[in-house]
Every structure is written in structure tokens, then in C-alpha cells.
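Residue numbers (this note's numbering), protein chains in the order written: chain A, 1 to 291; chain B, 292 to 568.
Where a beta carbon is used, it is the ideal one built from N, C-alpha and C, also for glycine.
Everything numeric in this text was worked out from a predicted model, so none of it was measured.
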Amino acid sequence: ELSHRFDAIFNRLRGHGKLSEDNIAEAVRDVKRALLEADVNYRVVKKFTAAVQEKALGAEVLQSITPGQQFVKIVHNELTQLMGGNERPLKLHANRMNVVVLAGLQGSGKTTACAKLALYFRKQGHQPLLVAADTQRPAAIDQLETLGKALGIPVYADRGKKTLQVVEGALSRARSEGSSLVIIDTAGRLHIDIEMMGELKEICNAARPDEIFFVADAMTGQDAVNVAEQFYHEIHFTGSILTKMDGDARGGAALSILDVTGVPIQFVGVGEKSDALEVFHPERMASRILG
Amino acid sequence: LGSEGSFDDDFYSALEDALISADIGVELSTNIIDGLKERIRRDKIATAPEAYEAMKALLVEQLQVHRLDEDFPPKPWVILVVGVNGVGKTTTIGKIAHELRGKGKSVMLGAVDTFRAGAIEQLRIWAERTGSEFIAQHDGADAASVAFDAMEAARARNVDVLILDTAGRLHNKINLMNEIEKILRVIRRNTPHAPNEILLVVDATTGQNAMKQVAVFNDVLGITGLVITKLDGTAKGGVALALAKTYRLPIKKIGVGEGIDDLQDFNAPTYIEAMFG
Ligand SMILES: Nc1nc2c(ncn2[C@@H]2O[C@H](COP(=O)(O)OP(=O)(O)OP(=O)(O)O)[C@@H](O)[C@H]2O)c(=O)[nH]1
Ligand SMILES: Nc1nc2c(ncn2[C@@H]2O[C@H](COP(=O)(O)OP(=O)(O)OP(=O)(O)O)[C@@H](O)[C@H]2O)c(=O)[nH]1
Ligand SMILES: [Mg+2]
Ligand SMILES: [Mg+2]
């Protein structure tokens, strides 16, 4: 299902019988503008539109009697391929203890996402343990404890202990209680904060997680590329969660993150409540980005 | 050399990329480049460094929005802080409180976010850290009623400044925008001169969606100023330029970290220098 912007590009092309290279170039410029306005990083846009232009200049489009339709199909396919090309199931095992770590910039929605994942996986039969390993934000522990309590899901916390001590303590408790899914909340941090990125690496080394989720805000602009690249470089996260998708941001950051890391977006946050978590749909995201 | 012919398409294209990568947005970036070409012609600019400085000067011009401060502020001076989720409202309030306390003002913080887990406790900690008074009810209480209580308490305790923290809310959620509108009405009914400031907090990492945020919040409440946070990251906060141009709203403060002192006055040349130094 195509969006308004796509219709506009399509209709402009449809006016022509067969397409010239100029027609294609103009349509590609339209797509470029649409993606930039949707917050896709300009480097990702250049790469994407170059690929589209190359395919669009092929015989298929130039000799087609419905070239407009062909062009739109190419764009949509390229986009959906990029969005969903890396899809893979989560590496969580049925009969043992699994560990996931959530990381990302300040305010991206990690703590909320931890509670959402806990509920999601409990519904699938897991026994989650939430871990309040953000030892620096004022009332971060309170926040996770309140969320866990409302869901009836245990939260491991140890006020006054350092982050790594909390992680070790949590793993220990998880093992003795038979938790099947340890979900570790971490403090928001800048990708350029060497000390905090170092701490994050240490958390991952200690936790040996099965999945590391990079949590990103859907309204992030051009900077998404820099942040994702750096986080990936430091901790090789295995999945992303795109939050606040219930907003009206086009979400181009998703394309940037996917393009620059090759790591799949596994979930999207669609609200503030703990049940507001959905599995990522590449097709839907592609339409949304194109506006 | 010296006419517009001395700079080729690649030069302008590279500048345009730099503008776009700073989140200035496609349309404004194009306008800036057009303005730059005009200025290069007018001033017969011949070298790349000079052209670059001319572009920065153009950007600074975009950001100049003036609004006079009160000479004799009423008491309590009421600041309502709003914005979408996770942008840094609560932390910014702590920083502003600290700054005001440093100037000898008495400050009260009102916990009007009664929705999010841990929100009241988070603000209470900032009140403690800054030696500010604190007023709250309980999780799930009616937000407007806490705002009312805070107004009454601020007057009763004769505080200089009352800062109200509100829940993050996405601007496309009609019920949440109705709620903040109701909170504003309750404040106004209680004290006609209040609120004296309505600050919208915007995250510097936000892309073009910031335009929609400002549009809606401004439409519903009438924003008096912006705070741009998280400029200590690598995001350039370029969307501030389109915001200044479109809404003529002053940027009052910028957030440059998570600490109590990490708040600065907005300064246009400094902002642009940090963006394109
Ligand atoms: N509307 C909406 N709000 C969300 C979503 N996810 C998180 N939030 C809100 O975003 C704000 C920030 O969420 P947190 O979970 O505290 O973010 P965080 O990444 O843990 O923040 P730090 O720990 O400070 O880095 C809160 O107001 C959440 O309720 C979402 O999918 N939709
Ligand atoms: N690096 C950096 N982090 C900031 C800045 N301002 C706030 N933060 C962090 O951003 C996160 C969110 O801040 P909050 O003050 O809770 O944001 P909020 O807008 O009140 O969030 P909600 O009430 O959930 O909507 C916290 O981790 C803060 O420490 C800033 O200027 N720089
Ligand atoms: Mg958190
Ligand atoms: Mg808050």
C-alpha cells in the first residue's frame, strides 16, 4: 500500500509515456527529498537513491509501458529489502537462562522497553527478572521497581552498589531462582562518552547476553547514523528497538540504523504502557518513511 | 575570481550536505545556500574560508529572536515546562532551579507529572539537590489539581519562582494535549498573570519532527521559549534554525549534560560555531 508522497511521484511519472533518463533523474530527486524530510541520514539517502537510479535506468523501466509503476515498485522493493533484509529470529532458548541487555542514548525509552519485553516474554512462558542496573539517574531504580511491581514481575535492585556489582548480583539471583530471562536496564549514555561506553562493554562482558538491544527514539534525526555506528562498534548489539512510534515522526532513523549496522529492528514501542510493544514490520515502516 | 563563478556546484553541494547533516532540513538548507550565493555575489567573496564564514553569519541571523525579560517579575514567577517524552524536562528543571538558587531566589518545584513511574521521586531528588521546596501528590493523582496545589503553596510560602514539571506527551495525542491545556487553564484561573513562562523542551537529537512538536504545543498553549537539550552529544540541533524562522520563539537555554551545572544561556554565534566550527 503506497503513501501520498509516492502517489505524487508516481503521478508525475505516469504523465509520460515512455520515460527518459531526465524523467528518472527527476523522480529520484523527489525520492531523495522525501527521504531527507523523513530524517534518513543524507549519506544513506545518497547510497539508496544511487541504487534506485541504477535499477531504474535499466531496460525494465525505460521500455515498460507503465514506467511510473515500475519505478515506484523499484523504490518500494529497495526500501523494504533494506528494512527487512536482515530479519532473523531472536536468539532466546527455551530451557535455560537467557540474558538481554538494553542500551542507548539518554531518554530513548530503555527502562520502559525493559518492562515491555518482560511482559511480552512472560506471555510466551518465560520467567523474567528485571535488573535495575542504572545506578546513576535519579529514581531510575524506583522507576523500574514501580513498573515491575505493576506487572508482578520481580526486579533485582541493590541501591548503593556499583553497576557491575548489580549485574553480578542479579545473575546470581537469576540462577538460584531459575529465571529464564534476565533483562538488564542500563543508564542512558552518549556514544562519545568513553568512560560510559567502557562501562557498557564491561556490563556486556559480565552478563554475556544472548541479545543486546540498541534502543533508539523514532524521532531521531541525522545523528542516528553516528550513534548507531558507535554503539555497534563498541558492543556489537544484535537487535534494535525503535521507540515512540506512536508519535508522528516519519522514522527515517530506522533506515539509517539498519543501513549502517545491518542489524535487524526487532521491536517497536507504540506507547507508554507496558503492553505497547509490537514486532517490527518492514513493509509498514517503508511506507511510513516515504510519507 | 570574486564573482559567483569562483565556486562550483561541488562546493555548494558539500555545504548543503553539511547543513542537512546538522538537521537543518532540506527546505531551509536550500534557502541558506541561495542566500549564500547572493551574499557571495553582493560582497564579492573570493575564498572558501570567507564563504564559509558568510554562511555561518547567515545562520546566526536566522537564530536571532529577541524577547525582553521582566524588570519587575511578579511573585511567584511561574514556569510551566512541557515537551514530548524523554527530552530532558525534569533534568532541565533541576538545572534551572540550581541556577535560580545561585542567584538567591527561593524556588519551589511542582510534580505535575503524576503519570510516569518514578517521576515524582525523580523531581523530589532534584528539589533536594537544589534546596528547593517541593510539592506533589501521589502517582495517578489529577495533574491539574497538583498544579493548583502548587500555585497555592507557592503563594502561601512566598516563593520567588515556581517551576512545574509535566508528563512527557506526544503532540499527536489529543487527550494528552487536552490535559495540558486544562492544566494551563487551571493555572490561569488561579493566578491570571501565570504562567509567566511556558518552556518547550526539545531534544537536540530530534529531526524534523521538532517542527511538528513546536507547531502543536505552540498552537495549544502559546510557548514563550525553547530549551534545547543534549547538545553535548554529536547532534547539532540544526532544527533550531527552522524553529526560530517559523515560530520566532527565543531559545532560552541549552542543556549540555546530565549534571546540575550543565545548563547554558543560548548564544547564537556560539551555537553556530559549535555546529560548524
Ligand atoms: N509515547 C511513547 N512514549 C514512550 C515510549 N517508550 C518510552 N516512552 C516514554 O519516553 C520517556 C523516556 O522513557 P524511559 O524508559 O525513561 O527512557 P530511558 O531510555 O530509560 O531514559 P534514561 O534512562 O534516562 O536514558 C518516558 O516518558 C516513557 O514513558 C513509546 O513507545 N511511546
Ligand atoms: N547528555 C545529556 N543528557 C541529558 C540532558 N538533559 C537531560 N538528559 C538526560 O536525558 C534523560 C531524560 O531526562 P528527563 O529529565 O527524565 O526527561 P523528561 O523530559 O523529564 O522525560 P519524561 O518525563 O519521561 O518525558 C535523563 O537520562 C537525563 O539525565 C543533556 O543536556 N545532556
Ligand atoms: Mg532509564
Ligand atoms: Mg520528566
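Quick one, what's near ligand 4 if you take every residue whose CB is closer than 5 angstroms to any heavy atom, in chain order? B:K380 and B:T381
Please report whether the beta-carbon of I9 (chain A) lies at a distance below 8 angstroms from any beta-carbon of chain B. Within the first sequence, the letter at position 9 stands for residue 9 (chain A). No, because no Cβ of chain B sits closer than 8 angstroms to the Cβ of I9 (chain A).
Note down, in chain order, every chain A residue with its Cβ under 8 angstroms from the Cβ of D552 (chain B). Here the question's residue 552 (chain B) lines up with position 261 in the second sequence. In chain order: nothing, as chain A lies at least about 15 angstroms away.
Would you mind giving the Cβ-Cβ distance between I311 (chain B) and Q222 (chain A), rounded to the nearest angstrom? I have them listed as a contact below 8 angstroms. Numbered from its first residue, the second sequence carries residue 311 (chain B) at position 20. Numbered from its first residue, the first sequence carries residue 222 (chain A) at position 222. Right, their Cβ atoms sit about 7 angstroms apart.
Can you find a heavy atom of ligand 1 that lies under 7 angstroms from the Cβ of S108 (chain A)? Position 108 of the first sequence, counted from the first residue, corresponds to residue 108 (chain A). At least one heavy atom of ligand 1 is nearer than 7 angstroms to the Cβ of S108 (chain A), so yes.
Count the C-beta pairs between the segment 37 to 55 of chain A and the segment 244 to 259 of chain A that are closer than 8 angstroms, then say yes if the count reaches three, no if not. yes
DSSP-derived helix/strand/coil call for T321 (chain B): Taking the first residue of the second sequence as 1, we reach residue 321 (chain B) at position 30. Helix, per DSSP.
Identify each residue in the segment 66 to 96 of chain A for which the Cβ-Cβ distance to at least one residue of chain B is less than 9 angstroms, and report them in chain order. none
Does the Cβ of D134 (chain A) lie closer than 7 angstroms to at least one heavy atom of ligand 5? Ligands displayed in this structure: ligand 1, ligand 2, ligand 3 and ligand 4; ligand 5 is not among them.
Sorted by chain position, which residues of the same chain lie with C-beta nearer than 7 angstroms to A224 (chain A)'s C-beta, five sequence neighbours on each side aside? For the purposes of this step, residue 224 (chain A) is identified with residue 224 of the first sequence, where counting begins at 1. Around A224 (chain A): N41, A216, A253, S256 and I257.
Whole-angstrom distance between A434 (chain B) and A339 (chain B), CA atom to CA atom: Translated into positions along the second sequence, residue 339 (chain B) becomes position 48. Translated into positions along the second sequence, residue 434 (chain B) becomes position 143. Roughly 55 angstroms separates the two Cα atoms.
Which chain C residues are close to W417 (chain B), counting only those with a beta carbon under 8 angstroms from its beta carbon? You won't find chain C in this structure, because its protein chains are A and B.
Tell me, please, which residues DSSP counts as bridged to D494 (chain B). Locating residue 494 (chain B) in the second sequence gives position 203, where the first residue counts as 1. The partner list for D494 (chain B) (beta bridge, DSSP) reads B:T520.
I'd like to confirm the pairing. Which residues does DSSP put opposite E424 (chain B) in its beta bridges? Against the second sequence, residue 424 (chain B) aligns to sequence position 133. E424 (chain B) pairs with B:M399.
If V493 (chain B) and I519 (chain B) are in contact, beta carbons under 8 angstroms, what's the gap, nearest whole angstrom? Residue 493 (chain B) sits at position 202 when you count from the first residue of the second sequence. Residue 519 (chain B) sits at position 228 when you count from the first residue of the second sequence. The Cβ separation is near 5 angstroms, so the contact holds.
My output table needs one value for E488 (chain B): the three-state DSSP class, helix, strand or coil. Locating residue 488 (chain B) in the second sequence gives position 197, where the first residue counts as 1. In the structure shown, E488 (chain B) sits in a strand (DSSP, three-state: E or B).
Closer than 8 angstroms, CB to CB, is N509 (chain B) near chain A or not? Walking along the second sequence from the start, residue 509 (chain B) turns up at place 218. So, not an interface residue.
T530 (chain B) versus chain A: which residues are under 8 angstroms apart at the beta carbon? Along the second sequence, read from residue 1 onward, the residue named residue 530 (chain B) stands at position 239. Sequence check: residue 530 (chain B) is Val here, not Thr. Correct list: G221.
I'd like to know if L2 (chain A) contacts chain B, where contact means its C-beta is closer than 8 angstroms to some C-beta of that chain. Translated into the one-based positions of the first sequence, residue 2 (chain A) becomes position 2. With a pLDDT of 42 at L2 (chain A), under the threshold of 50, the modelled position of this residue cannot be trusted; read the value that follows with caution. Chain B contact via Cβ: absent.
Measuring only the C-alpha atoms, how far is T238 (chain A) from P264 (chain A)? Indexing the first sequence from 1 puts residue 238 (chain A) at position 238. Indexing the first sequence from 1 puts residue 264 (chain A) at position 264. Going from the Cα of T238 (chain A) to the Cα of P264 (chain A) covers about 7 angstroms.
Distance cutoff 8 angstroms, beta carbons only. Does G386 (chain B) sit that close to anything in chain A? As a working note, residue 386 (chain B) is residue 95 in the second sequence. According to the sequence as given, residue 386 (chain B) is Lys; it is not Gly. Closer than 8 angstroms: no.
Is it the case that the Cβ atoms of G401 (chain B) and I426 (chain B) are separated by a distance below 8 angstroms? To locate residue 401 (chain B), count along the second sequence from 1; it is residue 110. To locate residue 426 (chain B), count along the second sequence from 1; it is residue 135. The answer is yes: Cβ separation under 8 angstroms.
What I want to know is whether the C-beta of T243 (chain A) ends up closer than 7 angstroms to one or more non-hydrogen atoms of ligand 3. Counted from its first residue, the first sequence places residue 243 (chain A) at position 243. No.
CB contact check: D39 (chain A) to chain B, cutoff 8 angstroms: One-based indexing of the first sequence puts residue 39 (chain A) at position 39. Yes, contact with chain B.
Among all the DSSP beta bridges, which residues are the ones paired with Y156 (chain A)? As a working note, residue 156 (chain A) is residue 156 in the first sequence. A:V131.
Terminal residues of the continuous alpha helix (DSSP H) containing V227 (chain A)? Working through the first sequence from its first residue, we reach residue 227 (chain A) at position 227. Run containing V227 (chain A): A224 to I235, per the alpha helix (DSSP H) assignment.
Between the beta-carbon of V45 (chain A) and the beta-carbon of V260 (chain A), is there less than 8 angstroms? The sequence position of residue 45 (chain A) within the first sequence is 45, counting from 1. The sequence position of residue 260 (chain A) within the first sequence is 260, counting from 1. Their beta carbons are not under 8 angstroms apart, which means V45 (chain A) does not touch V260 (chain A) by this criterion.
If we ignore side chains and look at the alpha-carbon of each, how far apart do V72 (chain A) and L82 (chain A) end up? As a position in the first sequence, residue 72 (chain A) is number 72, starting the count at 1. As a position in the first sequence, residue 82 (chain A) is number 82, starting the count at 1. Distance between the alpha carbons of V72 (chain A) and L82 (chain A): 15 angstroms.
By DSSP, does K543 (chain B) sit in helix, in strand, or in coil? As a working note, residue 543 (chain B) is residue 252 in the second sequence. In the structure shown, K543 (chain B) sits in a strand (DSSP, three-state: E or B).
Name, please, each residue of chain B whose Cβ falls closer than 7 angstroms to the Cβ of N98 (chain A). For the purposes of this step, residue 98 (chain A) is taken as residue 98 along the first sequence, with counting starting at 1. In chain order: nothing, as chain B lies at least about 25 angstroms away.
I want to check one thing, is the minimum distance from the CB of L190 (chain A) to the heavy atoms of ligand 2 below 7 angstroms? As a working mapping, residue 190 (chain A) is identified with position 190 in the first sequence. Because some heavy atom of ligand 2 lies under 7 angstroms away, the Cβ of L190 (chain A) counts as near it: yes.
Between the segment 104 to 117 of chain A and chain B, which residues of the former have CB atoms less than 7 angstroms from a CB of the latter, in chain order? L105, Q106, G107, S108 and G109
Is any beta-carbon of chain B found at less than 8 angstroms from that of T238 (chain A)? Walking along the first sequence from the start, residue 238 (chain A) turns up at place 238. It does not: the Cβ of T238 (chain A) has no partner Cβ on chain B nearer than 8 angstroms.
Give me, in chain order, the residues of the same chain whose beta-carbon lies closer than 7 angstroms to that of S179 (chain A); leave out the 5 immediate sequence neighbours on both sides. Here residue 179 (chain A) is taken as the residue at index 179 of the first sequence, counted from 1. The residues are M97, Q127, P128 and L129.
E54 (chain A) lies in the alpha helix (DSSP H); which residues open and close that run? To locate residue 54 (chain A), count along the first sequence from 1; it is residue 54. It spans Y42 to A56 - the alpha helix (DSSP H) in which E54 (chain A) sits, taken as one unbroken run.
For Q428 (chain B), tell me which candidate among B:F439, B:L491 and B:Q499 has the shortest Cα-Cα distance. Taking the first residue of the second sequence as 1, we reach residue 428 (chain B) at position 137. That would be B:F439, whose Cα lies nearest to the Cα of Q428 (chain B).
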